[in-house]
Amino acid sequence: MSWPILFFILVGALSIATAVGVVSSRQPIHSALFLLVNFITLAIMYVSLEAQFLAAVQVIIYAGGIVILILFVIMLMGSEDVPVDRIDSSWASIAALGLGMLMAATLLYSFMADFLFQAEPNTLAGGAPYAIGMTLFTRYILAIEMVAILLLVALIGALLLARGPRTGPKTGAELHAEEEEADAAGTTIPYVDDETTVMAAAE
Amino acid sequence: MLQNYLFVLILSTVALIIPVAAIVLGHFLGPRRPDPIKTATYESGVETIGDTWVQFRAQYYLIGLIFLIFDVEVIFLFPIALAFERLSLLSTLAVVTFVLILLLGLLVEWRKGALEWE
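Take a look at the structure:
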């Protein structure tokens, strides 16, 4: 067995093992860390396929950005356990089966296409960043500008989603408006000094 | 092809060996005489106050999202930096437009105060 194939098998096995770890871990943090290792093994795969730029993107965007966001979500959720019986998972197995079949069909199709049509290797001059820069800004100018628009939409969407209903501390102007309302109604606002007293009052 | 990346493999192996060696050596050489004070959970040298599983502010997530978007932008700018000398005027204008569109996004964030820490 040649070295590249042995290497591929080792990295592939690690990739599958970490993917299983992601779905089988009880702790969400462990899942996120398994996902991180999985992304890194994918990057190694990309390097071995001579797509160095994609490998760098995989590490910088996925391992460096997406996993951080997932960790943020875990931290935001806090420690409250979600009762398992309250999650409606009746559709989950059907969805999983459907997606799995789709995945299998895609894999089968790409294998078949390789054997039937003798696909040309479509590496982009070694997948080097230089070649990608040349191609992106000569042949795919329209696509790259649309990517810019897409990123702008994502940015504004993130802004709108994250700042939807305000739950944080109120600003001075809002407190003032509330006071005036209360004055007009002839009532007084009960003084609360922080969130814990609010929660205690709610209980 | 992969031989070119042998140095990455060697570096990763060394980076893995050093912490593993520290943990393994500590496991075998260190005496273990636990008592309640030694096994207590501590944070920055002092005992923890309250639950360590606190809920973080949602604003961290917004900052994370903004970071991710500009991360993607920089990824696109990197190949341009390498191909810069060979690009035509049209391509250069395309690059400038690309950056300007995203600058617009940054301006919107700024105006809306998403970059401020409340």
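Chains as they are written, first to last, in numbering that gives the first Met the number 0: chain A, 0 to 202; chain B, 0 to 117.
The beta carbon of each residue, even a glycine, is placed where N, CA and C say it ideally should be.
Owing to the predicted nature of the structure, the values given are computational and were not obtained by experimental measurement.
Run of the alpha helix (DSSP H) containing residue i, from where it starts to where it stops
i: residue 48 of chain B; result: Residue 48 of chain B -> no alpha helix (DSSP H), and no H or E assigned at all.
i: residue 97 of chain B; result: 88-111
i: residue 23 of chain A; result: 2-23
i: residue 38 of chain B; result: 35-38
i: residue 26 of chain A; result: Note, residue 26 of chain A: premise wrong, no alpha helix (DSSP H); not H, not E.
i: residue 78 of chain B; result: 58-82
i: residue 136 of chain A; result: Residue 136 of chain A -> no alpha helix (DSSP H), and no H or E assigned at all.
i: residue 114 of chain B; result: From DSSP, residue 114 of chain B is part of no alpha helix (DSSP H); its letter is neither H nor E.
i: residue 25 of chain B; result: 5-28
Residues near residue i in its chain [Cβ-Cβ closer than 7 angstroms; skip 5 each side]
i: residue 147 of chain A; result: none
i: residue 33 of chain A; result: 17, 20, 21, 24
i: residue 193 of chain A; result: Unreliable placement is indicated for residue 193 of chain A, whose pLDDT of 49 sits below 50; the coordinate value is still reported in the next sentence. Answer for residue 193 of chain A: no residue qualifies.
i: residue 5 of chain A; result: none
i: residue 202 of chain A; result: Residue confidence for residue 202 of chain A is low, a pLDDT of 43 falling below 50, so the modelled location carries little weight and cannot support an answer.
i: residue 4 of chain B; result: none
Residue from the options whose Cα sits closest to the Cα of residue i
i: residue 72 of chain A; options: B/83, B/38, B/60; result: B/60
i: residue 56 of chain A; options: A/70, A/39, A/88; result: A/39
i: residue 125 of chain B; options: B/104, B/75, B/105; result: The shown model of chain B, from 0 to 117, leaves out residue 125 of chain B, and the question about it has no answer.
i: residue 50 of chain A; options: A/89, A/74, A/127, A/106; result: A/127
i: residue 78 of chain B; options: A/101, A/132, A/158, A/31; result: A/132
i: residue 118 of chain B; options: B/65, B/100, B/96; result: This structure does not reach residue 118 of chain B, given that chain B is present from 0 up to 117, and the question cannot be answered.
i: residue 136 of chain A; options: B/100, B/89, B/115, B/101; result: B/89
i: residue 52 of chain A; options: B/73, B/33, B/36, B/39; result: B/73
i: residue 121 of chain B; options: B/62, B/81, B/95; result: Absent from the model: residue 121 of chain B. The displayed extent of chain B is 0 to 117, so no value can be given.
i: residue 14 of chain A; options: A/155, A/2, A/36; result: A/36
Cβ neighbours of residue i in the same chain (closer than 6 angstroms, five flanking residues each side left out)
i: residue 85 of chain B; result: none
i: residue 67 of chain A; result: none
i: residue 119 of chain B; result: Nothing about residue 119 of chain B can be reported from this structure: the residues present for chain B run from 0 to 117 only.
Contact belief for residue i with residue j at Cβ below 8 angstroms, rounded distance in angstroms
i: residue 64 of chain A; j: residue 105 of chain B; result: Wrong, their Cβ atoms sit about 17 angstroms apart, outside the cutoff.
i: residue 42 of chain A; j: residue 54 of chain A; result: 4 angstroms
i: residue 158 of chain A; j: residue 108 of chain B; result: 6 angstroms
i: residue 60 of chain A; j: residue 70 of chain B; result: 6 angstroms
Own chain, CB closer than 8 angstroms to residue i, minus 5 neighbours either side, in chain order
i: residue 29 of chain A; result: 20
i: residue 15 of chain B; result: none
Complete runs of the alpha helix (DSSP H) confined to the stretch 34-91 of chain A [at least 4 residues]: Segments of the alpha helix (DSSP H) lying fully in the stretch 34-91 of chain A: 51-56, 66-76.
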